[in-house]
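Asker: Protein chains in written order, with the working numbering: chain W, 24 to 437; chain H, 24 to 437. Virtual Cβ for every residue (Gly too), placed ideally from N, Cα, C. Please read these numbers as outputs of a predicted model, since none were measured by experiment. Can you keep this structure in mind? I'll have questions shortly.
2 protein chains.
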Amino acid sequence: MDILIYNGVLVTMDDDLTVVEDGAVRIRDNEILSCGTMDDVAGTEAGILIDARGGIIMPGLVNGHTHTPMSMFRGLADDLPLDKWLNEHIFPAEASQVNPGSVSKWTAHSCREMLLAGITTCCDGYFHEIHAARAMVDTGIRAVAGQGVIDFPAPGVGDPGQNIASAVAYVNEAKKLSSRLMPSIFCHSPYTCSGKTLKAAKEAARDAGVLFQVHVSESRGEPEMIPGLNGRSVVAYLDDLGILDASTLLVHCVWVDEADMKIIGKRGCGVIHCPESNMKLASGIAPVPEMLAAGIAAGLGTDGCASNNDHDLFAEMDTAAKLHKVVAMDPCVMDAVTCLKMATIDGARAIGLDRRIGSISPGKLADIIVVDTGKPHMIPMHNVYSGLVYAAKSSDVSWVLVDGIVRVKAGELV
Amino acid sequence: MDILIYNGVLVTMDDDLTVVEDGAVRIRDNEILSCGTMDDVAGTEAGILIDARGGIIMPGLVNGHTHTPMSMFRGLADDLPLDKWLNEHIFPAEASQVNPGSVSKWTAHSCREMLLAGITTCCDGYFHEIHAARAMVDTGIRAVAGQGVIDFPAPGVGDPGQNIASAVAYVNEAKKLSSRLMPSIFCHSPYTCSGKTLKAAKEAARDAGVLFQVHVSESRGEPEMIPGLNGRSVVAYLDDLGILDASTLLVHCVWVDEADMKIIGKRGCGVIHCPESNMKLASGIAPVPEMLAAGIAAGLGTDGCASNNDHDLFAEMDTAAKLHKVVAMDPCVMDAVTCLKMATIDGARAIGLDRRIGSISPGKLADIIVVDTGKPHMIPMHNVYSGLVYAAKSSDVSWVLVDGIVRVKAGELV
């Protein structure tokens with residue numbers, strides 16, 4: 024039996040940015056069968072009827088970057104210099120507290136937080152990732168889940184000589200879990216992985232047909248920490264290693280220049296912008312309007328909860344819009360539609376899933392949320408995009424469906 | 024009979040920043056009778072028992088700057104150049120839609136939004152302010168409510184020659200309304216009010232013993248719009264007019280330099296920082312860490328909903344912390360405690376009410392909120408200040424008391 028979501032403003036985020044005032048969506052199995060006006064999708068009866076109560080029916084949000092298990096460290100150490108934060112707090116905490124049990128527990132916790140906040144897909148990278156992946160599948164979220172690769176002993180990979188082999192074994196295991204779980208390989212960064220490791224990890228990701236993720240140009244001092252640069256930019260260095268292509272996701276890209284953006288655009292890499300993390304850690308401000316103008320597929324990410332401290336893409340959209348306006352001293356940049364695209368279809372494009380998710384169109388997977396518009400802060404609603412980016416809170420999310428399955432109902436986890 | 028709030032982490036924001044793990048507060052009439060551990064405030068029975076359920080008991084938030092009726096224009100016109108936004112959208116909408124009825128209706132609406140978000144005091148400025156003031160009193164919020172003064176025909180003041188007289192008449196009328204309503208005079212700005220008007224308005228405010236508010240140095244181009252500057256800074260000009268003292272509130276102060284800050288500090292003026300409004304309108308970034316270092320009493324404000332677009336101080340705290348970190352390229356500036364102080368006791372100090380509100384201490388007015396900590400985004404809680412600034416949402420506010428009266432109960436307006 025179908026699921027019918029009706030009586031809402033349908034914000035499709037499709038190519039034409041179609042908005043339907045008296046909108047509805049019909050779902051069959053895990054796909055969108057039809058969408059449009061209530062008349063358009065009427066017809067045969069439905070097994071589940073979801074009344075949007077005049078709210079907004081829209082695609083689920085895509086969190087392009089996080090480290091789900093790190094919710095265990097939420098608020099553990101804030102307002103500190105980066106080296107003190109990492110070396111005196113986060114690294115020791117990871118060494119003592121990260122194990123299969125904690126990864127499983129806190130990944131599930133983060134997934135519950137994300138589902139409640141309207142995030143239907145996350146792109147993750149951490150260690151013991153098979154335990155994260157299983158927890159993701161159990162909670163019902165859609166996920167790209169990357170096993171971490173780093174040239175130091177890491178949780179679950181005591182011998183860094185085994186980091187690629189561990190990642191490959193993970194990918195093979197994780198592929199069996201669920202159609203909602205896409206394994207990935209996540210190299211931590213070019214300053215914690217040698218050129219050799221980066222090349223080998225990308226090669227393994229190519230062989231397995233999975234997304235390759237890497238933190239790139241997060242901090243101003245990064246080039247000094249990479250031995251083989253020889254005056255090249257970090258992006259140029261990665262390009263020379265041959266690891267940049269449409270299946271490579273570059274996270275952060277704070278300190279990239281025009282030449283870097285040209286390379287990223289030419290190679291078709293996705294980019295994830297994490298405005299709140301970059302601000303809170305004082306990493307810098309990524310040239311996002313410039314990247315978008317260069318045609319780069321750029322999505323939004325929350326980053327892990329140790330550096331944000333939550334999984335809230337409504338807040339990231341609002342912050343991204345406002346941050347780039349004041350930096351450019353131009354209130355027109357990063358308008359509401361642009362930010363909403365980054366959190367939906369553009370984020371999906373960045374992680375290579377835009378043919379299946381990120382907008383509401385017949386044939387796409389049924390990852391759909393309903394945003395309640397009845398609270399005072401959502402009234403009046405002169406413009407639906409402004410409402411979603413500048414006024415909506417993640418707590419306004421009332422219904423969440425992933426893969427055609429109801430995961431949040433009337434604001435509560437099912 | 025007393026009200027007893029118990030079973031929460033008590034965050035007092037008092038001078039010693041006292042935090043009590045198993046905290047409680049006893050309220051008698053409209054004042055705090057005692058606070059401390061549950062044992063400390065035990066004793067005689069209470070008429071109303073409020074179980075904080077392990078959440079956070081803290082002072083209500085102080086919204087240092089807003090234009091409450093402007094919620095009617097929420098999302099009306101966003102992502103536009105300032106002149107187009109003002110001249111083609113906001114000013115025409117104000118001319119056609121602002122009247123006693125709409126001011127009353129949308130002020131009440133904004134007050135409901137603020138109360139639900141844990142704001143127990145707002146500092147407002149608009150036209151037809153007597154109608155705003157009455158609506159504020161009806162909703163139960165505590166407010167400093169300023170009648171607007173501007174050298175142009177304005178809603179309710181068709182003849183600008185009457186702007187001071189109208190404000191004085193308003194103050195006399197509003198003084199009779201409620202002990203929770205403190206009238207004020209709000210000069211729009213030094214570029215829309217002549218030096219003569221500014222002086223006369225301040226004189227009237229002094230005579231009446233009320234707060235004088237004015238937008239100052241919001242945009243970079245402001246000096247060019249003020250005829251009589253003669254090379255002086257806007258702040259120096261206002262100082263020369265004799266209008267700066269401890270009962271003058273300077274809103275925005277984005278484009279102030281060291282010399283300006285010295286003047287502001289010497290005169291004891293309060294300052295309100297509106298980070299989200301300043302970002303969204305691309306006004307600039309106020310030197311807040313520098314103002315705080317100079318000992319200036321600085322609070323946080325949301326500004327009106329046409330330029331933000333909501334009344335959410337939890338979001339403003341988070342944004343203020345992150346914005347100033349990335350601008351200073353220093354993750355240590357504007358730590359969580361500093362931001363929480365700005366939203367409570369420092370904001371109260373800026374608007375001249377710190378002896379009565381802004382912290383939880385015996386004898387202070389009972390403006391208290393409870394923040395629920397049971398949702399996934401608030402778990403774990405390694406640090407209560409981090410939790411409140413970097414993870415809490417306004418939707419976590421479960422109880423709100425103003426003047427000892429319950430206004431929000433279990434997240435719903437009473």
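Work out the CA separation of E245 of chain W and E44 of chain H for me, nearest whole Å.
Answerer: Using only the alpha carbons, I get a separation of about 41 Å.
Asker: Going by DSSP, what residues sit across from K432 of chain W in a beta bridge?
Answerer: In DSSP, K432 of chain W forms a bridge with W:E435.
Asker: Using three-state DSSP, classify T41 of chain W as helix, strand or coil.
Answerer: DSSP places T41 of chain W in coil when its eight states are reduced to three.
Asker: Below 9 Å on C-beta distance, what does G77 of chain H contact in chain W?
Answerer: By Cβ distance, chain W contributes nothing, its closest Cβ being about 16 Å from G77 of chain H, past 9 Å.
Asker: Sorted by chain position, which residues of the same chain lie with C-beta nearer than 8 Å to M61 of chain W's C-beta, five sequence neighbours on each side aside?
Answerer: So the list reads Y29, N30, D45, G46, A47, once near-sequence residues are dropped.
Asker: On the CB-based measure, 16 or more other CB atoms within 10 Å of its CB, does E299 of chain H come out buried or exposed?
Answerer: E299 of chain H should be labelled buried.
Asker: Which runs of the beta strand (DSSP E) at least 3 residues long sit entirely within the stretch 245-302 of chain H? Give them in chain order.
Answerer: Counting only runs of 3 or more, we get 271-275, 293-296.
Asker: Using a Cβ-Cβ cut-off of 7 Å, state whether M365 of chain H counts as contacting chain W.
Answerer: Not one chain W Cβ lies under 7 Å of M365 of chain H.
Asker: Use the C-beta contact count for Q185 of chain H: other C-beta atoms within 10 angstroms, 16 or more gives buried, fewer gives exposed.
Answerer: Under this definition Q185 of chain H is an exposed residue.
Asker: Taking any Cβ of chain H, which residues in the stretch 87-101 of chain W have a Cβ under 9 Å from it, in chain order?
Answerer: Listed in sequence order: S94, M95, F96, R97, G98, L99, A100, D101.
Asker: Please name the residue, chosen from W:M302, W:I368, W:S409, W:A177, that lies closest to I142 of chain W on a Cα-to-Cα basis.
Answerer: It is W:I368.
Asker: What first and last residue would you give for the alpha helix (DSSP H) that runs through S127 of chain H?
Answerer: Run containing S127 of chain H: 123-139, per the alpha helix (DSSP H) assignment.
Asker: Using Cβ-Cβ distances below 8 Å, what residues of the stretch 106-135 of chain H are close to chain W?
Answerer: So the close ones are W108, H132, S133, R135.
Asker: Which chain C residues are close to M352 of chain W, counting only those with a beta carbon under 9 Å from its beta carbon?
Answerer: Annotation note: the requested chain C is absent from the structure, which comprises protein chains W and H.
Asker: Based on Cα-Cα distance, which residue from W:V172, W:I173, W:D341, W:R157 lies nearest to A166 of chain W?
Answerer: Of the listed residues, the one whose Cα sits closest to A166 of chain W is W:R157.
Asker: Using a Cβ-Cβ cut-off of 6 Å (strictly less than) and excluding sequence neighbours within five positions of A288 of chain H, which residues of its own chain qualify?
Answerer: Sequence check: residue 288 of chain H is Gly here, not Ala. Only A317, G318, I319 meet the Cβ criterion.
Asker: With a cut-off of 7 Å, does the C-beta of D333 of chain H fall near any C-beta of chain W?
Answerer: D333 of chain H counts as touching chain W.
Asker: Among W:V32, W:D25, W:I26, W:S189, whose alpha-carbon lies nearest the alpha-carbon of N406 of chain W?
Answerer: When only C-alpha atoms are compared, the closest one is W:V32.
Asker: Along chain H, in chain order, which residues have C-beta atoms closer than 9 Å to that of P206 of chain W?
Answerer: What P206 of chain W touches in chain H: nothing, since even the nearest Cβ is about 25 Å away.
Asker: In the stretch 42-104 of chain W, which residue ranges form an unbroken alpha helix (DSSP H) of at least 4 residues, counting only runs that do not cross its ends?
Answerer: Within the stretch 42-104 of chain W, the complete alpha helix (DSSP H) runs of at least 4 residues are 61-64.
Asker: Counting contacts by CB-CB distance shorter than 7 Å, is S330 of chain W in contact with chain H?
Answerer: Not one chain H Cβ lies under 7 Å of S330 of chain W.
Asker: Just the C-alpha distance for K387 of chain W and I380 of chain W, rounded to the nearest angstrom, thanks.
Answerer: K387 of chain W and I380 of chain W: Cα-Cα distance of roughly 6 Å.
Asker: Quick check on the burial criterion: 16 or more other C-beta atoms within 10 angstroms. Buried or exposed for C176 of chain W?
Answerer: This sequence places Pro at residue 176 of chain W; Cys is not what is there. Exposed: under 16 other Cβ atoms inside 10 Å.
Asker: I'd like the span of the alpha helix (DSSP H) that includes M159 of chain W, first residue to last.
Answerer: Here the alpha helix (DSSP H) through M159 of chain W covers 152-162.
Asker: List the endpoints of the continuous alpha helix (DSSP H) containing M404 of chain W.
Answerer: Unbroken run through M404 of chain W: none, as it is neither H nor E.
Asker: M401 of chain W to I153 of chain W, Cα distance in whole Å?
Answerer: Their Cα atoms are separated by approximately 40 Å.
Asker: Could you spell out where the beta strand (DSSP E) holding L424 of chain W opens and where it closes?
Answerer: Taken as a continuous stretch (DSSP letters only), the beta strand (DSSP E) holding L424 of chain W covers 420-425.
Asker: Roughly how far, in whole angstroms, is the beta-carbon of A25 of chain H from the beta-carbon of L56 of chain H, given that I think they are within contact range, below 8 Å?
Answerer: Residue 25 of chain H is actually Asp in this sequence, not Ala. The pair is a contact, with the Cβ atoms about 7 Å apart (cut-off 8 Å).
Asker: Does R165 of chain W come out as helix, strand or coil in the three-state DSSP assignment?
Answerer: Note: R165 of chain W maps to strand in three-state DSSP.
Asker: Can you confirm whether the stretch 91-106 of chain H touches the stretch 407-420 of chain W when touching is taken to mean that 3 or more C-beta pairs between the two stretches lie within less than 8 Å?
Answerer: The stretch 407-420 of chain W, when compared against the stretch 91-106 of chain H, does touch it at the 8 Å Cβ threshold.
Asker: What's the call for G397 of chain W, buried or exposed, on a 16-neighbour Cβ count within 10 Å?
Answerer: Label assigned to G397 of chain W: exposed.
Asker: Output yes or no for whether 7 Å exceeds the beta carbon distance between E313 of chain H and H275 of chain H.
Answerer: No; because the gap between Cβ atoms is not below 7 Å, this pair is not in contact.
Asker: Using the C-alpha atoms, what's the distance from I164 of chain H back to D426 of chain H?
Answerer: Cα to Cα, the separation comes out at about 9 Å.
Asker: Please name the residue in H:P206, H:K199, H:S330 whose C-alpha comes closest to that of F235 of chain H.
Answerer: The shortest Cα separation from F235 of chain H among H:P206, H:K199, H:S330 belongs to H:P206.
Asker: Hey, does V32 of chain W have any beta-carbon neighbour from chain H nearer than 7 Å?
Answerer: No - not a single Cβ of chain H is within 7 Å of the one on V32 of chain W.
Asker: Put V1 of chain W into one of helix, strand or coil per three-state DSSP.
Answerer: Any property of residue 1 of chain W remains undetermined from this structure, which presents chain W solely from 24 to 437.
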